[in-house]
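Everything below concerns the one structure shown next.
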Ligand SMILES: Nc1nc2c(ncn2[C@@H]2O[C@H](COP(=O)(O)OP(=O)(O)OP(=O)(O)O)[C@@H](O)[C@H]2O)c(=O)[nH]1
Ligand SMILES: [Mg+2]
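In the numbering used here, the protein residues as written are 1 to 440.
Rendered as structure tokens:
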């Protein structure tokens with residue numbers, strides 16, 4: 001599903017990752033890239049425009065520029081907006097107040113209606129329901145047999161009518177359903193190559209008679225904007241309650257999946273990815289958004305990023321910080337790690353209020369040697385509790401390291417800044433702190 005879309009979005013985010021601090025212009029540039037990706041995936045132009053407008057609004061505002069890890073926050077914003085675009089939360093099937101509940105399945109020819117009817121029947125059966133399948137497609141001679149074979153394979157009864165009028169068949173089917181106490185009733189209607197009046201009239205008559213709890217529009221996920229256009233046409237006539245995307249196992253670019261909800265205003269209820277009858281999933285916007293972004297979730301995205309310090313060490317440090325026992329030894333250790341990471345400023349400059357203060361923290365070779373010498377000439381107690389460093393102790397330490405008291409003072413100042421910065425990071429949330437510390 002969506003391999004191409006996913007790979008290309010990943011590339012956009014990868015490019016962002018190299019940037020230490022985001023500006024409005026590089027946010028806009030990335031949004032342009034995302035726009036191209038969406039349009040190439042055959043997303044509806046208006047839907048793409050609105051979507052990017054919302055992302056931009058959030059990204060350019062306070063949220064990104066002041067945030068801890070801007071590039072990752074952009075991914076987060078895109079993810080959040082994708083979830084909203086896809087419908088926010090799972091939309092379950094509605095039942096009728098008086099049984100049987102009728103689910104009417106509609107869509108263009110070959111979109112996968114009959115297969116979906118059987119999949120839905122199977123799905124509901126596993127939930128303890130006793131569904132009835134109704135062959136209301138009298139258009140194609142073999143259609144009833146097709147449904148019969150599928151019904152037989154899952155042990156669900158199939159109602160087949162006499163005559164030529166599908167409305168009469170549906171009427172009889174409902175009567176039959178009440179008599180044998182089955183519920184829900186799933187109507188497999190006929191399709192046409194194009195949306196035409198003939199078909200719509202037939203479907204409207206079935207709708208009036210059966211008063212379905214749900215009209216489910218089946219769209220072929222491989223057809224992109226065509227599916228969205230026919231969805232719109234069907235919706236104008238029938239006001240369906242939800243849609244279903246089929247053939248998502250095929251070569252789908254994602255356009256239909258991303259656009260159909262926004263264009264029709266009706267939720268996606270199921271996706272189906274395979275010819276087998278088990279291949280049906282209730283639609284979860286959050287999971288789909290995660291899939292589109294190519295990660296189970298955003299955390300995994302972060303995990304994939306470049307690793308500099310090992311996770312374990314970062315976790316330990318985080319633990320120390322939480323218990324406020326970040327010592328001078330840890331400080332030295334941390335400076336060594338930071339130096340390994342390259343530019344300290346580019347990494348920590350992203351944290352609000354920290355960039356300025358860090359200007360003083362030297363992590364060049366010489367500065368590091370000095371810090372090392374100073375810390376090594378402290379007693380264990382002094383390293384653990386820098387607050388006991390009075391003037392006399394500072395003088396002694398400076399002598400021991402062959403440096404001046406000013407050097408000691410600067411060290412303590414830098415240490416305090418580091419502690420302060422850690423506190424800020426901690427406020428940003430424990431996970432985030434660990435990610436920054438481990439360079440992930
Ligand atoms: N790969 C794949 N094939 C599917 C899926 N759903 C349906 N198909 C196939 O698509 C073809 C058409 O499916 P049908 O269920 O007959 O479609 P329909 O909408 O009922 O077609 P008409 O009744 O002719 O309008 C069949 O060959 C199905 O096996 C799916 O999720 N994945
Ligand atoms: Mg069919």
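In this text, a Cβ means the ideal position worked out from N, Cα and C, and glycines have one as well.
Any non-hydrogen atom of ligand 1 closer than 8 Å to residue i Cβ
| i | result |
| --- | --- |
| residue 114 | yes |
| residue 223 | no |
| residue 274 | yes |
| residue 257 | no |
| residue 136 | no |
| residue 230 | no |
| residue 196 | no |
| residue 140 | yes |
| residue 269 | no |
| residue 243 | no |
| residue 48 | no |
| residue 249 | yes |
| residue 110 | yes |
| residue 18 | no |
| residue 156 | no |
| residue 6 | no |
Helix, strand or coil at residue i according to DSSP, with G and I counted as helix
| i | result |
| --- | --- |
| residue 17 | helix |
| residue 352 | Bear in mind that a pLDDT of 39 at residue 352, under 50, signals an unreliable position, so the number given afterwards is only what the model happens to contain. The answer is coil: DSSP assigns residue 352 none of H, G, I, E or B. |
| residue 362 | With a pLDDT of only 46 at residue 362, under the threshold of 50, the placement of this residue in the model should not be trusted; the figure read from the coordinates follows. Coil at residue 362, not helix or strand. |
| residue 253 | coil |
| residue 395 | helix |
| residue 423 | helix |
| residue 237 | helix |
| residue 182 | coil |
| residue 217 | strand |
| residue 283 | coil |
| residue 269 | strand |
| residue 47 | helix |
| residue 326 | coil |
| residue 98 | coil |
| residue 310 | Reliability of the predicted coordinates at residue 310 is poor, the pLDDT of 45 falling under 50, and the value obtained from them is presented with this limitation in mind. DSSP places residue 310 in coil when its eight states are reduced to three. |
| residue 11 | helix |
When the options are compared against residue i, the one with the closest alpha-carbon
| i | options | result |
| --- | --- | --- |
| residue 329 | 231, 216, 375, 368 | 375 |
| residue 115 | 165, 190, 58 | 190 |
| residue 195 | 221, 178, 235, 214 | 235 |
| residue 100 | 218, 232, 394, 170 | 170 |
| residue 366 | 386, 331, 407 | 407 |
| residue 326 | 213, 282, 387 | 387 |
| residue 371 | 174, 237, 411, 385 | 411 |
| residue 245 | 238, 284, 159, 98 | 284 |
| residue 335 | 402, 391, 419 | 419 |
| residue 91 | 267, 37, 50 | 267 |
| residue 150 | 219, 112, 198 | 112 |
| residue 202 | 104, 394, 148 | 104 |
| residue 3 | 51, 204, 291, 176 | 291 |
| residue 243 | 237, 48, 254, 220 | 220 |
| residue 263 | 253, 395, 224 | 224 |
| residue 117 | 136, 127, 128 | 136 |
| residue 72 | 17, 107, 215 | 17 |
| residue 121 | 153, 377, 106, 110 | 153 |
| residue 128 | 145, 155, 53 | 155 |
| residue 10 | 27, 34, 29, 1 | 34 |
| residue 157 | 59, 139, 187, 142 | 187 |
| residue 256 | 392, 84, 403, 222 | 222 |
| residue 5 | 333, 261, 254, 381 | 254 |
| residue 47 | 60, 58, 217, 81 | 81 |
| residue 228 | 238, 258, 241 | 258 |
| residue 269 | 384, 178, 226, 93 | 93 |
| residue 89 | 286, 409, 421 | 286 |
Residue i: CB within 8 Å of a non-hydrogen atom of ligand 2
| i | result |
| --- | --- |
| residue 148 | no |
| residue 153 | no |
| residue 61 | no |
| residue 160 | no |
| residue 173 | no |
| residue 188 | yes |
| residue 279 | no |
| residue 121 | no |
| residue 143 | yes |
| residue 87 | no |
| residue 191 | yes |
C-beta neighbour in chain C for residue i, strict 9 Å
| i | result |
| --- | --- |
| residue 52 | Structure shown: chain C not included; a single protein chain is present. |
contact_flag[the region 174-184, the region 127-137] where n(CB pairs < 8 Å) is 3 or more: Contact annotation: the region 174-184 touches the region 127-137, with at least three C-beta pairs closer than 8 Å.
Touch test, the region 246-266 against the region 274-292, Cβ-Cβ under 8 Å, three pairs minimum: Yes: the two stretches touch, three or more of their Cβ pairs being nearer than 8 Å.
Meets three-Cβ-pair contact criterion under 8 Å: the region 207-221 and the region 150-166: With a cut-off of 8 Å, the region 150-166 and the region 207-221 do not count as touching, because too few Cβ pairs lie within range.
Touching by the beta-carbon criterion (3+ pairs, under 8 Å), the region 217-232 and the region 22-32: Short answer: they don't touch.
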